[in-house]
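Below is one structure, written out as structure tokens; the observations come after it.
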Amino acid sequence: MIRYVVVGLLLFLGFAVAFAPASLVGTALPERSGVQLLTPSGTVWRGQAELLAGGQPAGALTWRFRPVTILQGTLGYDVTLDGPEHGLAGRVAAGPGALSLRLDGQAEATFVNRWLGPYDIAISGPLTVAGLEATVPYRAPAEGRTAGTVEWAGGMVRYRLGRRVHDGSLPPLVAYLGEGLEAVVYPQGGQTPLLTARLLPSGFARIGVTALFTRLAGNPWPGSHADHEVVLEVEEQLF
């Protein structure tokens, strides 16, 4: 009799694990990350959901479990993030204390402008994501680390300085992601920074604009600032 009870319990646990609902995936997301999964379907091993990031729709997320990652002490997945304006693919792993991510792919400017909007910046032209990596601790997402590059083909840009909106044209740019949650943008082939971005422990994102950026964008900053000097900074609370 006891043998049948044990077998029944094992079968129950096996089915519970095998068919665990996709909604459980959302519980692995870092607290205060600003990321949500809407209308999940499938299971924790293979499923899909609509991704919401920073209050903005980010596309259809699909995932497939990679069993080999269990040997590494994590739960790893192959993922894709698709939409009419972008196509990204990579891997996500949920470890004991942090979530790690790697992505490659392309996106149109209209997709990225959703998150640039709070800073009164809008661009045109496609972007290419190459080897973008991020490690985000569950309890302190602002203490995460990033790496990789994002290249922009160049084109028209619109931005606000003070009460005026300005239009300009920029050359191809490349953003290098740093050791923390930060990035520095340069002209492709150049060594003078144009923009800096950093996620602060307070949950605010800080973006700095250099004198060279204002000159290339057709609105030189007054004064005798060196090209690399940050002449304007804005902050926006992300979480």
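So in this note's numbering, spot 211 of the sequence shown is number 467, and the numbers just go up one at a time. In this text, a Cβ means the ideal position worked out from N, Cα and C, and glycines have one as well. Fair warning: this is a prediction, and the values are worked out from it, not measured in the lab.
Proximity below 8 Å, CB of residue i to CB of residue j
i, j, result
"Pro382", "Glu399", "no"
"Gly351", "Gly315", "no"
"Tyr415", "Asp376", "yes"
"Gly464", "Leu456", "no"
"His342", "Gly311", "no"
"Val429", "Gln447", "Note on residue identity: the sequence assigns Leu, not Val, to residue 429. Going by C-beta atoms, Leu429 is not nearer than 8 Å to Gln447."
"Gly404", "Leu437", "no"
"Ala439", "Ala453", "yes"
Beta-carbon proximity list for residue i, same chain, < 8 Å, skipping 5 on both sides
i, result
"Gly474", "His422, Asp423, Gly424, Ser425"
"Ser297", "Ala278, Gly303, Gln304, Ala305"
"His218", "Residue 218 is absent from the structure shown; the chain starts at 257 and stops at 495."
Same chain, Cβ closer than 6 Å to residue i, neighbours up to 5 away in sequence not counted
i, result
"Glu491", "Phe460, Arg462"
"Leu337", "Gly315, Leu317, Leu344"
"Gln292", "Leu308"
"Ala409", "Gly381, Pro382, Pro428"
Burial state of residue i, where buried means 16 or more other Cβ atoms lie within 10 Å
i, result
"Leu327", "exposed"
"Val324", "exposed"
"Pro313", "exposed"
"Ala386", "exposed"
For residue j and residue i, the rounded distance between their alpha carbons
i, j, result
"Leu488", "Asn369", "20 Å"
"Val406", "Leu294", "27 Å"
"Pro478", "Val486", "13 Å"
"Arg322", "Thr330", "10 Å"
"Ser218", "Pro449", "In the structure as shown, the chain starts at 257 and stops at 495, and residue 218 therefore has no counterpart that could be examined."
"His481", "Leu472", "14 Å"
"Gly411", "Pro374", "20 Å"
"Ala335", "Pro476", "Per the sequence shown, the amino acid found at residue 335 is Val instead of Ala. Looking at the two C-alpha atoms, the distance is approximately 43 Å."
"Ala396", "Val413", "33 Å"
"Val568", "Glu389", "This structure cannot settle anything about residue 568, because the visible part of the chain is limited to 257 through 495."
"Trp371", "Trp319", "24 Å"
"Ile379", "Thr366", "8 Å"
"Trp301", "Gly346", "16 Å"
"Thr501", "Gln493", "Examination of residue 501 is not possible in this model, given that the chain is present from 257 through 495 alone."
"Arg419", "Arg358", "39 Å"
Chain D within 8 Å of residue i, Cβ atoms only
i, result
"Val465", "Reference to chain D is not applicable here, since this structure consists of a single protein chain."
Residue interval of the beta strand (DSSP E) (run including residue i)
i, result
"Trp319", "312-322"
"Gly459", "It is not in any beta strand (DSSP E) - Gly459 carries neither H nor E in the DSSP assignment."
"Tyr432", "429-433"
"Leu293", "291-298"
Own chain residues within Cβ distance below 7 Å of residue i, not counting five before or after
i, result
"Thr391", "Ala354, Ser356, Gly400, Arg401"
Boundaries of the alpha helix (DSSP H) in which residue i is found, first to last residue
i, result
"Val368", "365-372"
"Leu468", "467-472"
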